[in-house]
Every structure is written in C-alpha cells, then in structure tokens.
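Below is one structure, written out as structure tokens; comments come after it.
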Amino acid sequence: MIILKNGLPYNRVGISVSKKVGNSIIRHRVTRVIREIMRLHWEDVHQGYDIVIVARKSARESEYKKFESAILHLLKQHHLLEEISHENNFN
851 MIILKNGLPY
861 NRVGISVSKK
871 VGNSIIRHRV
881 TRVIREIMRL
891 HWEDVHQGYD
901 IVIVARKSAR
911 ESEYKKFESA
921 ILHLLKQHHL
931 LEEISHENNF
941 N
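Its first residue numbered 851, the sequence shown is counted upward by one per residue in my numbering.
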C-alpha cells in the first residue's frame, strides 16, 4: 500500500493487480473485492489521501475476509482508519 497526501478534501484510490497474480478473470475478481472493501469502509477512512493498493501473488487464493483484514490492518498502520462504526460490520 502506497499513501500520499493529496491536498484535496477527498481520497483517491488506485488498485494495481499484476499479471503475476493470474489471468484476467482472477485479476478482475481481486480488483472487485478490493474495491468493495474500500466502498464498505469509505466513511471510516480519513480523507485527503491518494491510496494505491498493490495486490501480491498470494491474493490469488485469498478469501474476502482475509482481504478485508489485510486492508484494514494496513490502513490502521498508516493511521488512516477512524474507529470502525459497527453499522458497517454485518458479522
């Protein structure tokens, strides 16, 4: 994950999934899962940053919950995640 301040009142997110991850079907699945995780937690992320998420080869076999915990962990590490509201957590 690469993060830079963008000086804007909103975030911009980029997702990079290399061909090493798999064929186009797998790469698009990984992209859709990451995009959905960011959409669900968008309100909890501090605004004003450019965030680039780079998927690694191990993302090929990962399940949704593993993706979600990894992304939330990285956002917390970079101090970009506010206290998670329980309305967004369905489990």
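Heads up, the beta-carbon is just placed ideally off N, CA and C, and yes, glycines get one too.
- Under DSSP, L931 shares a beta bridge with V895.
- Residue state for K915 is assigned as helix, using DSSP reduced to three classes.
- DSSP places L858 in the coil class of the three-state scheme, outside both helix and strand.
- A direct Cα-Cα distance of roughly 10 Å separates I887 from S919.
- Leaving aside the five residues that flank Y914 on each side, the residues in its chain whose CB is nearer than 7 Å to its CB run, in chain order, V883.
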